[in-house]
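Student: Mind having a look at this structure? Questions to follow.
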Amino acid sequence: MSRTAKQVRVIAGFLFFAGVVLGSFWLVLRTPPTCTDGKQNQKERGVDCGGPCTATCVSDLSVLKTQGDILRFEAGGKTIFLATVANPNEKFAARRFPYVINYTDSAGSPAEVSGESWLYGGQERYIAAFVEGPASLPSFKFLGPIDWQTAADYPRAEVEVLNFQSESTTSSIKISGSLINRGAAPIKRAQVVVILKNSYGLPAGVSITETGYMSSGQQEIFSLIHPTSSAIDVSRSSVFVYGQR
């Protein structure tokens, strides 16, 4: 056997041995596929979701939806639209979603008002919009993208209403109360929605206010003034509070 052939055999043997050693190391040290590795590598429906992974894929979530018709009220030269929105996904929260309310203004022209809001897992809540002057024919539309989070990562804020009162005078309806953050974590803000009703218990008006940041255990006083109306029975008022984490 020539010297060159021997050298080729030695080099080939060395490369084979090195390949076996490196392959053994790779088999021992490689990380097995998991449901948290950020890869679609074990027949999941998506990345780390569906199939062998218990996590739900965002593409499998139910869409956010509105409930019933958008209510419309007029007070103080403004029109107030009140929509009921719902998140049917118990295990996922919409941490942020944009929306738009289209309507017809006093001149008969199309107009819109937009905003952003949030919905915890399985939550149903009110969203209100105020526009100047008379307006009609409102329609609500969810926009994207929606910031989906698991309900465990974005749990509901624990805000409670205390000492709620509403009274009617000859000139206005006065509404007051206080809020307390019962949760261990702070909240960015809290929205208070007061639904005023007629003697039949049907919505006849709405008044809204908002607080800022509230630390754990913090209390905040709120007060509202609504134009007086013979159609409103203040004893039937309902109050709702929504805290944003």
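Quick note: the sequence shown, position 152, residue 280 per my numbering, numbers continuous.
Where a beta carbon is used, it is the ideal one built from N, C-alpha and C, also for glycine.
On a predicted model such as this, the values are computed, not experimentally measured, just so you know.
With which residues is Ala221 paired in a DSSP beta bridge?
Tutor: Per DSSP, Gln277.
Student: Spell out the partners DSSP gives Ile301 in its beta bridges.
Tutor: Note: Ile301 sits in a beta bridge opposite Ser296, His354.
Student: Rounded to whole angstroms, how far is the Cβ of Gln319 from the Cβ of Ile336, which I believe are closer than 8 Å?
Tutor: Going by Cβ atoms, the distance from Gln319 to Ile336 rounds to 7 Å, so yes, they are a contact pair.
Student: In three-state terms, what does DSSP make of Asp197?
Tutor: It is coil, neither helix nor strand.
Student: With distances taken Cα to Cα, identify the nearest neighbour of Gly204 among Ser344, Ser327, Phe292, Pro262.
Tutor: Selected option, being the one with the closest Cα: Pro262.
Student: How would you call Ala313, buried or exposed, if buried means at least 16 neighbouring beta carbons within 10 angstroms?
Tutor: Classification of Ala313: exposed, given that the 10 Å Cβ count is below 16.
Student: Would you please state the rounded distance, in angstroms, between the beta carbons of Lys316 and Gln372? I believe it to be under 8 Å.
Tutor: Sure, about 5 Å apart at Cβ, within 8 Å.
Student: Leaving out five residues on either side along the sequence, give the residues of the same chain with a beta carbon under 7 Å from the beta carbon of Asn326.
Tutor: Correct list, in chain order: Ala332, Ala359, Ile360, Asp361.
Student: When the distance is taken between beta carbons, is Ser237 closer than 9 Å to Ile229?
Tutor: Cβ distance not < 9 Å, so Ile229 and Ser237 don't count as in contact.
Student: Who are Pro226's beta bridge partners in DSSP?
Tutor: Answer by DSSP bridge pairing, in chain order: Glu244.
Student: State whether the region 213-232 contacts the region 273-291, with contact taken as three or more CB pairs (one from each stretch) at a distance under 8 Å.
Tutor: Yes, the region 213-232 touches the region 273-291.
Student: State the start and end residues of the unbroken beta strand (DSSP E) segment that holds Lys206.
Tutor: It spans 206-214 - the beta strand (DSSP E) in which Lys206 sits, taken as one unbroken run.
Student: Residues in its own chain within less than 8 Å of Thr232 by CB, not counting five upstream and five downstream?
Tutor: So the list reads Pro238, Ala239, Ala263, Ser264, Leu265, once near-sequence residues are dropped.
Student: Can you say whether Ser294 is buried or exposed, counting buried as having 16 or more other CB atoms within 10 angstroms of its CB?
Tutor: Buried: at least 16 other Cβ atoms inside 10 Å.
Student: Which of the three DSSP states, helix, strand or coil, is assigned to Asp188?
Tutor: Three-state result, Asp188: helix.
Student: What residues match up with Glu202 in a beta bridge as DSSP calls it?
Tutor: According to DSSP, Glu202 bridges with Thr207.
Student: Rounding to the nearest angstrom, what Cα-Cα distance links Ser234 and Phe201 in this structure?
Tutor: For Ser234 and Phe201, the distance between alpha carbons rounds to 14 Å.
Student: From what residue to what residue does the beta strand (DSSP E) around Ser335 run?
Tutor: First-last of the beta strand (DSSP E) with Ser335: 331-339.
Student: Would you kindly check if the distance between the Cβ of Val289 and the Cβ of Ser267 is under 9 Å?
Tutor: No, the pair does not count as a contact, with Cβ atoms beyond the cut-off.
Student: What does the Cβ neighbour count give for Ile303, buried or exposed, with the cut at 16 atoms within 10 Å?
Tutor: Its Cβ being crowded by 16 or more others within 10 Å, Ile303 is buried.
Student: Let me make sure I understand the geometry here. Which of Val322, Gly329, Val287, Ser296 has the alpha-carbon closest to that of Glu348?
Tutor: It is Val287 whose Cα lies nearest to the Cα of Glu348.
Student: My output table needs one value for Ser363: the three-state DSSP class, helix, strand or coil.
Tutor: In this structure, Ser363 counts as helix in the three-state DSSP scheme.
Student: Just to confirm, is the Cβ distance from Phe209 to Ala256 under 9 Å?
Tutor: The answer is yes: Cβ separation under 9 Å.
Student: Give a yes or no on whether the C-beta atoms belonging to Ser365 and Phe292 are separated by under 9 Å.
Tutor: Yes; because the gap between Cβ atoms is below 9 Å, this pair is in contact.
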